Structure formats: structure tokens, C-alpha cells
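Below is one structure, written out as C-alpha cells; the observations come after it.
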Amino acid sequence: MSQFEIKKFTSGVLIVAVIFGISYFIKLKQIKKSQIVKGVQSENLGLSPIELNSIPIKIGKVPVPQKSYYSALIDSESKILLDGKDENKIIPIASLTKIATALVVLDKYKIDDIVTVSENAQNINGSKIFLQKGEKITIENLLNALLIMSANDAAIALSEFHTTTDEFISLMNAKAKSLGCNNTHFKDPAGLNDEGYSTAKEIGIIFAEAIKNPIISEIIHIPEKIISSDRRDYKLENSNRLVKNEMYLDGIIGGKTGFTPTSGHNLVVAAKRQDKTIIAVVIKTYNTLNTASAEAARDLINWGFDNWQWQNT
Numbered sequence: 020m021s022q023f024e025i026k027k028f029t030s031g032v033l034i035v036a037v038i039f040g041i042s043y044f045i046k047l048k049q050i051k052k053s054q055i056v057k058g059v060q061s062e063n064l065g066l067s068p069i070e071l072n073s074i075p076i077k078i079g080k081v082p083v084p085q086k087s088y089y090s091a092l093i094d095s096e097s098k099i100l101l102d103g104k105d106e107n108k109i110i111p112i113a114s115l116t117k118i119a120t121a122l123v124v125l126d127k128y129k130i131d132d133i134v135t136v137s138e139n140a141q142n143i144n145g146s147k148i149f150l151q152k153g154e155k156i157t158i159e160n161l162l163n164a165l166l167i168m169s170a171n172d173a174a175i176a177l178s179e180f181h182t183t184t185d186e187f188i189s190l191m192n193a194k195a196k197s198l199g200c201n202n203t204h205f206k207d208p209a210g211l212n213d214e215g216y217s218t219a220k221e222i223g224i225i226f227a228e229a230i231k232n233p234i235i236s237e238i239i240h241i242p243e244k245i246i247s248s249d250r251r252d253y254k255l256e257n258s259n260r261l262v263k264n265e266m267y268l269d270g271i272i273g274g275k276t277g278f279t280p281t282s283g284h285n286l287v288v289a290a291k292r293q294d295k296t297i298i299a300v301v302i303k304t305y306n307t308l309n310t311a312s313a314e315a316a317r318d319l320i321n322w323g324f325d326n327w328q329w330q331n332t
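Residue numbers (the numbering used here): 20 to 332.
What follows is the structure, encoded as C-alpha cells:
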């Protein structure tokens, strides 16, 4: 074999080797990615397979600041649980219920649809804006009252629009099941009935779905707002202190509060920093002060961003 032929043969071997090496590297990376994603799927509450851009990796060793009997800290994209305390315990969830109420409303209706308030809505107990029977108000304004002020009368008015409350509750439960939340069952659209239940983890999953909706995300970020019906104006103040100046949380998207004597002080919030979103759920805080749930959720969110980083898949 001539020197020219040897060089030609050697070059050919090198080219084949390089091509093989590149193909092997790409295949190895694909396998590694599929293994990572498969691992995530096994931890993401039994949800459908998902394609992830990144997954959270724990980097810190600072103890978790637990200030509630039940909690969950969840990566919004992967649904991976970053931390939790009795996060799978079935418990009453008070007005966190209203997240599902809003999701069903936005699945079914247009925001400019007009609702006529019923006597049932007028007479509901607890937190409300004092809607009156016969008053006409848009779906959008009722959603604002529901999510900003946690108004029970808004919840009832929404649930009775073009359906019955019982049928509406069935839709809420179907929505939860569609999200893989099999330990969640709603008994009313406002969360007053303590026989309704969920878990801290599943509330986080439902909220992750809710914040995908731009209407919900916009509303839950508002500190205060004035809405109108055909009869009067209503001033709404957000019950979530983490969107207000007094306790504003860096990167806050918004949240939803809840309280009954049985379930205690509850809060679910989402915050986004450097394009990563995490969700904190705190249910039944140790402290009974009005600021307790905001402090507990704030500390969990800050701990999450300080002690986790995201690795590309």
C-alpha cells in the first residue's frame, strides 16, 4: 500500500471514528435526559409524562423553616416536591378551595358574561363583599372579588350561573381528578364546608395549573382594586399580605388565603425568580396571628430559592 493510500485510509478511519463518537455522545445524552425525566415522572404526583427543560437540584443544607402543621414546596414546572411536612395528609382547606372555583369558571364562561346575584349568594356567611339579590355583575368582577377578597358571596354567585351549585361542585372535583389530585374532594365552591378536603401537595398542583391562566395570574397579583356592579362600587383589598407593601415578597406572582377555625390560617403562593417558579403551601400555621401564613409561606419560598438550583436536562 502506497503512502498516499495509507494516509487516505487513515483519514477515512478518523472520520468514521469522529462520526461514531458524536453519535454515541448524542445517544448517551438522550438516554441520560430520558432517565432524568423518568425519575422526575416518578416524583411528580402521578401526572402524565412531561418534557422538562430543567430539574431542581438541592445545593444547600440549611434547615427548612417550618411554621405550619402541613406544608409543601413544589417546583412549578416539574411538580417535584422540594420539601414538605405531612404534605399527603388529607385535611380541610378552607378558601384555598376557591382556586378550583376560578379554574372551572374560566373553563366554562366568558369574563364579560353577566351574573344576576341570588338570595343564596346574598345570605352566605363569612368573608364577603355583601352582594345583594338581583344585582348584576360580570364574571370578571366576581373573579376579582373571589380571588382578591376571598368573597364567599362571589363564589356562590359564580357557582349558580347557568347551572346548579351541586353540578358546579362536580365540575370542580372532575377538574381536580384531571390534574392527578385523587386525594382532593370539594364540598362547596367557597370552602366553608370543612368536609371538603385536599392535601398540601395537591393544593400546590392545582395552584400550579391556576397560575398558567393569565387572568388568574393578573388578579392574584393585585393588592387592591375597585370593581362595579349595576348598583354600586366595591373596594377590594387583597387578603394575601405578600402582594402588599407591608410584606411584599420578591418575585411574587400571587396567592390565595384561607381560614376556618378547623383548618386554621392557610396560604398558597407562587414566586418567580430567574425564570424559575416555586409554589409554597402552608396549612394550619402554628401561630394564630393574621400574619402567620404570610410569614410561613414567605420563609419557605426564600428557603427554596436559596437552597435549590435548576439543572438543564
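Quick reminder that beta carbons are idealized off the backbone N, C-alpha and C, glycines included. Being a predicted model, the structure only gives us computed values, none of them experimental.
Contact between the region 170–181 and the region 129–147 is present: 3 or more CB-CB pairs across the two stretches fall below 8 Å. Counting only runs of 4+ residues, the alpha helix (DSSP H) found wholly inside the region 125–164 occupies 138–142, in chain order.
With a cutoff of 7 Å on beta-carbon distance, Thr116 and Phe205 are scored as near each other.
With a threshold of 16 other beta carbon atoms within 10 Å, Ile78 falls short and is exposed. Nearest Cα to Ile158 within the set Val134, Glu138, Asn139, Glu179: Val134. Under the three-state reduction of DSSP, Pro233 is assigned to helix. A straight line joining the alpha-carbon of Asp213 with that of Pro111 spans about 5 Å. Taking the C-beta atoms as reference points, Ala290 is found no nearer than 7 Å to Lys86. Bounds of any beta strand (DSSP E) do not take in Asn192; it lies within the alpha helix (DSSP H) bounded by 184–197.
DSSP, read as helix, strand or coil, puts Phe205 in coil.
The three-state reading of DSSP puts Asn321 in helix, counting H, G and I together.
The beta-carbon separation of Leu165 and Leu177, rounded to 7 Å, stays under the 8 Å limit for a contact. In terms of Cα proximity to Ser114, the closest of Val262, Ser197, Tyr216 is Tyr216. Asn72 counts as exposed, since fewer than 16 other C-beta atoms from the protein chains shown sit within 10 angstroms of its C-beta. Counting only the Cα atoms, Asn331 lies some 21 Å from Ile320. Pairing Asn139 with Ala311, the inter-Cα distance amounts to about 32 Å.
A Cβ-Cβ separation of about 14 Å leaves Val300 out of contact with Gly210 under the 8 Å criterion.
Between Leu150 and Val136, the alpha-carbon positions lie close to 7 Å from each other.
Taking the C-beta atoms as reference points, Tyr128 is found no nearer than 7 Å to Lys303. Only residues of its own chain outside the window of five on either side were considered, and among them Ile245 have a CB closer than 6 Å to the CB of Asp252, listed in chain order.
Under DSSP, Arg292 takes part in a beta bridge, and its partners are Lys295. Val262 is classed as buried because its beta carbon has at least 16 other beta carbons within 10 Å across all chains shown. Beta-carbon to beta-carbon, Ser97 and Ile297 are separated by about 10 Å, too far to satisfy the 8 Å threshold.
A straight line joining the alpha-carbon of Phe324 with that of Ile109 spans about 27 Å.
Counting along the chain, Asn212 sits inside no alpha helix (DSSP H), nor does DSSP assign it H or E at all. In this structure, Trp327 lies near Leu101, with their beta-carbon atoms less than 7 Å apart. Judged by their CB atoms, Ile118 and Ile225 are nearer to each other than the 7 Å cut-off. Annotated three-state conformation of Ser178 is helix, per DSSP. Take His284, set aside five residues on each side of it, and the residues of its chain with a beta-carbon closer than 6 Å to its own are Phe278, Thr304, Ala311, Ser312, in chain order.
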